[in-house]
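**Student:** Have a look at the structure that comes next, please.
There are 2 protein chains.
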Amino acid sequence: MKRNDAPRLADAADAPEVGRLLHDFNTEFGTPSPGAVVLSERLATLLASESMFAILAGSPAFAVALVSVRPNVWYAGRVGLLDELFVHPSRRSEGTGAAILEFLHGHALTVSIDAIEINVDEGDVDAQRFYERNGYSSIEPDTNERAFYYFQELRPPS
Amino acid sequence: MKRNDAPRLADAADAPEVGRLLHDFNTEFGTPSPGAVVLSERLATLLASESMFAILAGSPAFAVALVSVRPNVWYAGRVGLLDELFVHPSRRSEGTGAAILEFLHGHALTVSIDAIEINVDEGDVDAQRFYERNGYSSIEPDTNERAFYYFQELRPPS
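Which chain is which? The protein sequence lines are A and B, in order.
One rule links them: number in the working numbering = place in the first sequence (from 1) + 37.
One rule links them: number in the working numbering = place in the second sequence (from 1) + 37.
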């Protein structure tokens, strides 16, 4: 990773760039996306709030992480969920993902976030190893077992 | 379930009762708890905010659900995470859990929540069946597979 590719916190003015990268990410994996324009509009509001932040690497950016924040009654602070972590295919295996996580953990502590959560696909062993190398665990100490992510959509994404 | 046991939304004044039930829940499962008093103080603030709500059943309450809310860039609205769903052991198998979920889904739609998420232990097949009966899925349509919940604590709970 080049020196000027160091991860940085995105601000609301970066919303178009974050939206473009997230749209590319979903397109790569064949997942529906509301489009870069809608994403950019939402992000302009959300990145100015305390409930979401993004991390970018590169100029123009080739990697992005998106973190949403919620309260949790068991912690004095808040909890962050890593919604997305995307590195452009042409720039993988250069350590950018790990550098973004390191930046994330440092930034989180400065904004009263006590824990980071991620949902990782059951079959994506590479991603599971990546997160385990970077300090994450799927084993809950209380139960000594893993947990599955369940969900129910009440309204479709739009 | 008796008629006056119908689920209801908790308000900030219910914080001590919600805190007591959550403390009992953790005690039943041998999970550390900061204590009913600390929980009650946190809940008095959080239940008055838009980022958390609780549902109670019974008077005095014998069941509680706690939901934290976060933004999500893929939805026009927000996403709720069911952090806890607890029915006192003496009042299980009466349909209270399902009644609380039904109330939750109706309430969520009125406060711009488009999806509900839950983490369920890998070995807790009863809980998995309960959530599946009530409209939840662990299979993501994009990947056609399940996802594991990963986490990293940056500061211990307190």
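Virtual Cβ for every residue (Gly too), placed ideally from N, Cα, C.
Give a yes or no on whether the C-beta atoms belonging to VAL110 (chain A) and LEU59 (chain B) are separated by under 8 angstroms.
**Tutor:** Against a cut-off of 8 angstroms, the Cβ pair of LEU59 (chain B) and VAL110 (chain A) comes out as a contact.
**Student:** For a contact defined as C-beta to C-beta under 9 angstroms, what are the partners of PRO194 (chain B) on chain A?
**Tutor:** What PRO194 (chain B) touches in chain A: ASN109, TRP111, TYR112, ALA113, ASP151 and ALA152.
**Student:** Between the alpha carbons of ASN206 (chain A) and HIS125 (chain A), how many angstroms are there, rounded?
**Tutor:** With chain A covering 38 to 195 only, the question about residue 206 (chain A) has no answer from this structure.
**Student:** If the cut is a Cβ gap below 7 angstroms, which residues of chain B does ARG129 (chain A) touch?
**Tutor:** Under the 7 angstroms cutoff, chain B gives no residues; its nearest Cβ is about 19 angstroms from ARG129 (chain A).
**Student:** Looking only at C-alpha atoms, which of B:VAL75, B:GLY72, B:LEU80 and B:PHE66 sits nearest to ASP51 (chain B)?
**Tutor:** Ranking B:VAL75, B:GLY72, B:LEU80 and B:PHE66 by Cα distance to ASP51 (chain B) puts B:LEU80 first.
**Student:** Starting from VAL116 (chain A), follow its DSSP beta bridges and name the residues at the other end.
**Tutor:** The partner list for VAL116 (chain A) (beta bridge, DSSP) reads A:ARG107 and A:ALA152.
**Student:** Could you please tell me which residues of the region 182 to 193 of chain B, in chain order, have their CB closer than 7 angstroms to any CB of chain A?
**Tutor:** Against chain A - using a Cβ distance shorter than 7 angstroms - the residues of the region 182 to 193 of chain B are GLU182, ARG183, ALA184, PHE185, TYR186, TYR187, PHE188, GLN189, GLU190, LEU191 and ARG192.
**Student:** Identify which residue in A:TYR168, A:GLY134 and A:PHE188 has its Cα closest to the Cα of PHE99 (chain A).
**Tutor:** Closest by alpha carbon: A:GLY134.
**Student:** Considering just the uninterrupted stretch of the alpha helix (DSSP H) at PHE90 (chain A), what are its terminal residues?
**Tutor:** No alpha helix (DSSP H) holds PHE90 (chain A); the beta strand (DSSP E) holding it covers 89 to 95.
**Student:** Given this structure, state the Cα-to-Cα distance separating ASP42 (chain A) from LEU93 (chain A), to the nearest angstrom.
**Tutor:** Roughly 9 angstroms separates the two Cα atoms.
**Student:** Measure the CB-CB distance between ALA102 (chain A) and GLU121 (chain A) and report whether it falls below 8 angstroms.
**Tutor:** Their beta carbons are under 8 angstroms apart, which means ALA102 (chain A) touches GLU121 (chain A) by this criterion.
**Student:** Using a C-beta to C-beta distance shorter than 7 angstroms, which residues of chain B count as neighbours of ALA145 (chain A)?
**Tutor:** Within chain B, the residues near ALA145 (chain A) are LEU191.
**Student:** Does GLU121 (chain A) come out as helix, strand or coil in the three-state DSSP assignment?
**Tutor:** Of the three classes helix, strand and coil, the one that applies to GLU121 (chain A) here is strand, per DSSP.
**Student:** Quick one: what's LEU46 (chain B) bridged to in DSSP?
**Tutor:** B:ILE92.
**Student:** Which residues share a DSSP beta bridge with SER174 (chain B)?
**Tutor:** Paired residues: A:PHE188.
**Student:** When you compare only the Cα positions, how much space is there between SER86 (chain A) and LEU118 (chain A)?
**Tutor:** Approximately 15 angstroms, taken between the alpha carbons.
**Student:** Starting from the Cα of ARG128 (chain A), find the closest Cα among A:PRO108, A:GLY95 and A:LEU138 and give me that residue.
**Tutor:** Nearest of A:PRO108, A:GLY95 and A:LEU138 to ARG128 (chain A), Cα basis: A:GLY95.
**Student:** Run down chain B in chain order and give the residues with a C-beta less than 7 angstroms from the C-beta of SER105 (chain A).
**Tutor:** Ordered by position in chain B, the residues that pass the 7 angstroms Cβ test against SER105 (chain A) are ARG107, PRO108 and ASN109.
**Student:** Closest Cβ-Cβ distance between ILE92 (chain A) and chain B: below 8 angstroms?
**Tutor:** Taking Cβ atoms only, chain B never reaches closer than 8 angstroms to ILE92 (chain A), which makes this a no.
**Student:** Closer than 8 angstroms, CB to CB, is THR64 (chain A) near chain B or not?
**Tutor:** For THR64 (chain A), the answer is no, since every Cβ of chain B falls outside 8 angstroms of its Cβ.
**Student:** In angstroms with no decimal places, state the Cα-to-Cα distance between ARG142 (chain B) and LEU191 (chain A).
**Tutor:** This sequence places His at residue 142 (chain B); Arg is not what is there. In a straight line, the C-alpha of HIS142 (chain B) is about 7 angstroms away from that of LEU191 (chain A).
**Student:** For the alpha helix (DSSP H) that contains THR82 (chain B), what are its first and last residues?
**Tutor:** 73 to 83 is the span of the alpha helix (DSSP H), which, as asked, contains THR82 (chain B).
**Student:** Assuming GLN189 (chain B) contacts ILE153 (chain A) (C-beta within less than 8 angstroms), just tell me the rounded distance between them.
**Tutor:** Going by Cβ atoms, the distance from GLN189 (chain B) to ILE153 (chain A) rounds to 5 angstroms, so yes, they are a contact pair.
**Student:** Which partner residues does ASP158 (chain A) have in the DSSP bridge list?
**Tutor:** Per DSSP, B:ALA184.
**Student:** To the nearest whole angstrom, what separates the beta carbons of ASP48 (chain B) and LEU83 (chain B), a pair I think is in contact under 8 angstroms?
**Tutor:** Actually they do not touch by this definition, with Cβ atoms about 12 angstroms apart.
**Student:** I'd like to check one pair, SER77 (chain A) with SER88 (chain A): are the Cβ atoms closer than 8 angstroms?
**Tutor:** Their beta carbons are not under 8 angstroms apart, which means SER88 (chain A) does not touch SER77 (chain A) by this criterion.
**Student:** Using the rule of at least 16 other Cβ atoms within 10 Å of the residue's Cβ for burial, across every protein chain shown, is VAL162 (chain B) buried or exposed?
**Tutor:** Exposed.
**Student:** Under a three-way DSSP split, which group does PHE66 (chain B) fall into?
**Tutor:** Reduced to three states, the DSSP call for PHE66 (chain B) is coil.
**Student:** Measure the CB-CB distance between PRO71 (chain B) and SER195 (chain B) and report whether it falls below 8 angstroms.
**Tutor:** Yes. Within cutoff.
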